[in-house]
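Protein chains in written order, with this note's numbering: chain A, 310 to 631; chain B, 310 to 631. Glycine is no exception: its CB is placed at the ideal position from the N, C-alpha and C atoms. Worksheet: the structure to be examined is printed underneath.
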């Protein structure tokens with residue numbers, strides 16, 4: 310790309326996202342200058358989306374912009390953090406103005422919704438690849454970690470995992486369904502809603518937390534591993550959406566929830582003694598979370614149904630494939 | 310790549326770089342948790358290197374690791390900041406263990422040299438692309454900005470720009486030279502030394518600063534533009550290395566210095582009243598900087614020789630090409 314195109318691209322991103330008083334210098338200098346509030350810890354995450362790997366090559370640009378930020382917001386949600394500032398590294402094969410305008414709007418709309426300022430970035434020429442770095446804050450020593458769970462802690466998940474895997478299958482023409490189902494599932498894949506408010510609220514209740522990005526079973530297993538224990542999930546307790554069930558049936562819907570990925574929900578654990586307070590102060594019907602299992606002494610992540618352990622591969626969503 | 314390969318890759322990076330007491334949680338959770346020191350501002354930069362764009366496809370992996378961090382260190386140097394924490398987003402076509410080990414060591418050696426801890430990252434499958442986000446600190450309101458220069462401020466540059474463009478030409482077999490020259494120029498391209506110590510020291514002297522990554526003339530022009538004025542550089546005052554002169558002659562060496570790129574030197578301005586103190590307290594022969602021009606009222610960036618304005622394109626280093 311000629312230099313003038315880079316200048317053009319940068320114009321699409323200057324001043325996008327939220328306006329924040331704690332940004333002393335944003336885009337336009339060698340680096341951003343930011344005010345860290347006293348008494349808080351800084352939380353930093355980075356995640357990359359690659360065309361053809363994390364999204365189908367022809368995905369709507371607004372979705373790519375939304376998801377590039379959403380996956381990082383989800384990481385901060387899992388720490389119980391409040392997001393503040395983002396940096397965007399965008400590698401593009403060419404400067405397509407219509408594409409850029411939609412991408413920037415997808416990114417910016419989600420950024421504004423979570424009061425995130427875009428404070429810096431880099432635009433380079435190359436195969437389509439988007440890396441976002443997200444910075445936020447959490448009160449000192451209050452962050453939710455993966456490592457805080459103990460045997461007997463109860464396990465919960467937010468929302469209805471599996472929808473995004475269904476939506477990806479729709480995008481890839483591996484799944485057909487009635488139009489209202491298609492609309493719902495596509496939206497769940499293309500525009501996931503990171504659980505920032507839930508993550509912040511859980512700081513007072515959860516013993517451990519992880520975001521569900523690679524499939525609930527695998528991610529619950531990572532939480533268990535980090536906590537030095539194991540986890541048992543109850544198949545029939547896995548929450549799945551009615552629309553996903555209409556598309557694939559209840560059995561496969563739960564399989565997608567356990568192994569599908571791209572959900573950006575939160576999986577968290579709560580001490581048995583705290584569960585009453587959790588349910589009272591954060592009513593599950595309002596906050597949208599479900600009890601799905603229990604932490605146990607023996608390592609590993611298992612799923613049980615009617616007292617029997619079920620076998621799962623990590624490629625459930627490939628069942629749609631040829 | 311199978312999941313197990315990602316786990317392998319992450320093992321190469323865990324605990325790399327410097328150990329720092331202000332890292333509460335590093336690699337291994339959903340995000341890093343970091344302690345911001347009171348009274349300081351946070352400085353954040355991100356830069357991407359793409360194979361075939363920012364480095365030749367077969368570059369030594371240690372150089373790619375080094376440069377991915379160096380380009381960001383240079384951004385922080387230009388703000389007068391002290392670096393602290395890095396996040397690494399690495400997109401790789403395959404998990405080649407020998408490549409990874411060299412890449413990680415190139416990154417880590419430079420990180421340790423500047424007391425930078427690697428606190429997070431993401432590994433994805435795709436075309437080779439490296440994005441680093443670097444965080445650091447600067448005392449409140451002390452950062453060097455591009456926008457602080459005024460007409461009559463003197464302009465300086467560190468080191469000997471142009472060497473890196475010569476080194477790239479060697480790497481691309483567009484330039485041949487005696488072996489000691491080749492060794493020197495390749496090193497200047499493959500392992501640039503960001504001017505962190507100089508940047509920090511300049512906080513007390515410089516009115517504006519930018520890092521020289523896209524060619525001295527263009528970058529001095531960006532500084533001038535941000536400051537709302539222009540800049541005049543003196544061709545015969547542009548410092549070039551003896552070895553570059555041996556390779557390409559003095560005229561072309563200065564042309565490379567002005568238009569080549571990849572130098573990661575600092576271009577900075579100083580008020581006329583402060584120049585005496587600068588020279589006394591930061592002796593140029595020890596700190597390695599040279600007076601090359603002056604800021605002026607009229608906008609734009611010009612180069613003069615013997616009172617005449619010279620014409621430059623931004624593609625000086627292409628003169629090696631066929």
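- In the displayed model, residue 353 of chain B falls within a strand according to three-state DSSP.
- Closer than 8 Å to the CB of residue 444 of chain B there is at least one CB belonging to chain A.
- Within the region 339-361 of chain A, those residues whose Cβ lies closer than 7 Å to any Cβ of chain B are, in chain order, 339, 340, 341, 342, 343, 344, 345, 347, 350, 351, 352, 353, 354, 355, 356, 357 and 359.
- Scanning chain B for C-beta atoms nearer than 7 Å to the C-beta of residue 438 of chain A yields 400, 435 and 438, reported in chain order.
- Neighbours of residue 520 of chain A in chain B, taken as residues at a C-beta separation under 9 Å, are given in chain order as 339.
- Setting aside the 5 residues that flank it on each side, residue 474 of chain A is surrounded in the same chain by 565, 569, 570, 571 and 626, each with a C-beta closer than 7 Å to its C-beta; the list follows chain order.
- If you ignore the 5 residues before and after residue 463 of chain B, its C-beta comes within less than 7 Å of the C-beta of 578, 579, 581, 584, 600 and 603, all in its own chain and listed in chain order.
- At a cut-off of 8 Å between C-beta atoms, residue 367 of chain A does not count as an interface residue with respect to chain B.
- Against chain B, a Cβ distance below 8 Å from residue 388 of chain A picks out 338, 339, 340 and 342.
- The DSSP-derived three-state label of residue 375 of chain A is helix.
- Selection B:439, B:611, B:386 and B:446 evaluated against residue 530 of chain B yields B:611 as nearest (Cα-Cα).
- Collapsing the DSSP output to three states places residue 423 of chain A in coil.
- The beta carbons of residue 456 of chain A and residue 538 of chain A sit about 10 Å from each other, so the pair does not count as a contact at 8 Å.
- For residue 425 of chain A, no Cβ of chain B is located within less than 8 Å of the residue's own Cβ.
- Closest option to residue 328 of chain A, judged by alpha-carbon separation, among A:395, A:410 and A:382: A:395.
- Taking the Cα positions, residue 346 of chain B is about 19 Å away from residue 391 of chain A.
- For residue 559 of chain A against residue 613 of chain A, the beta-carbon gap comes to about 17 Å, at or over 8 Å, which does not count as contact.
- For residue 334 of chain A, the residues of chain B that pass the 8 Å Cβ criterion are 452 and 454, in the order they occur in the chain.
- DSSP places residue 516 of chain B within a strand segment (E or B) once states are collapsed to three.
- Runs of the beta strand (DSSP E) lying entirely within the region 407-464 of chain B, each at least 3 residues long, are 426-434 and 438-448 in chain order.
- At a cut-off of 8 Å between beta carbons, residue 596 of chain B makes no contact with chain A.
- Taken through DSSP and simplified to helix, strand or coil, residue 338 of chain B comes out as strand.
- In this structure, the CA atom of residue 563 of chain A is about 44 Å from the CA atom of residue 361 of chain B.
- Residue contact with chain B for residue 385 of chain A: present (Cβ-Cβ distance below 8 Å to some residue of chain B).
- For residue 555 of chain B and residue 371 of chain B, the gap between their C-alpha atoms comes out near 27 Å.
- For residue 505 of chain B, the uninterrupted alpha helix (DSSP H) run begins and ends at 505-511, by DSSP.
- Cβ-Cβ distances below 6 Å link residue 476 of chain B to 494, 495, 497 and 498 in the same chain, with the five nearest sequence neighbours on each side left out; the list follows chain order.
- Where residue 544 of chain A is concerned, there is no enclosing alpha helix (DSSP H), because DSSP gives it neither an H nor an E.
- DSSP places residue 500 of chain B outside both helix and strand once states are collapsed to three, so it counts as coil.
- Here residue 475 of chain B carries a helix assignment [DSSP, helix/strand/coil].
- The shortest CA-to-CA distance from residue 552 of chain A to any of A:439, A:506, A:615 and A:487 is the one to A:487.
- Relative to the Cα of residue 353 of chain A, the nearest Cα in the group B:342, B:618, B:359 and B:595 belongs to B:342.
- One alpha carbon belongs to residue 482 of chain B, the other to residue 379 of chain A, and they sit about 44 Å apart.
- Bounds of the alpha helix (DSSP H) holding residue 534 of chain B are 525-535.
- Counting along the chain, the unbroken alpha helix (DSSP H) around residue 559 of chain A starts and ends at 559-568.
- Taking the Cα positions, residue 512 of chain B is about 37 Å away from residue 358 of chain A.
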